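Worksheet: the structure to be examined is printed underneath.
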Amino acid sequence: MGLHPLEFSECYLDSPAFRDKIKAHEAELDKTGRFIKELYKDGKNLINATKQQPVFVTQPLDLSSYPPLSPGEM
Numbered sequence: 001m002g003l004h005p006l007e008f009s010e011c012y013l014d015s016p017a018f019r020d021k022i023k024a025h026e027a028e029l030d031k032t033g034r035f036i037k038e039l040y041k042d043g044k045n046l047i048n049a050t051k052q053q054p055v056f057v058t059q060p061l062d063l064s065s066y067p068p069l070s071p072g073e074m
């Protein structure tokens with residue numbers, strides 16, 4: 001939904017249409033704020049999860065001692 005722009009000159013009239021526009025903008029700001037908080041929480045959880053994962057590979061593996069696989073073995 002696209003929000004209608006708020007015109008500064010309309011605030012003097014204080015019409016019901018202007019109040020409806022204000023309510024729509026407030027609702028959209030609340031929705032956006034909740035989304036940002038949820039996104040922040042998910043990002044924080046993701047970072048914490050990656051910190052808790054053990055790191056098994058610290059060096060590249062040397063596979064030169066293993067024989068090469070033939071196409072049927074893959």
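Going by the UniProt record's numbering, the sequence shown opens with residue 1, and the numbers climb by one from there. Cβ coordinates follow ideal geometry from the N, Cα and C atoms, glycine included. Remember, it's a predicted structure, so these values are computed and weren't measured experimentally.
- If you draw a straight line from the Cα of Lys51 to the Cα of Pro68, it is about 36 Å long.
- The residue from Glu7, Tyr66, Lys44 with its alpha-carbon nearest to that of His25 is Glu7.
- Secondary structure at Pro16: helix, using DSSP grouped into helix, strand and coil.
- No Cβ-Cβ contact shorter than 8 Å links Lys23 with His4.
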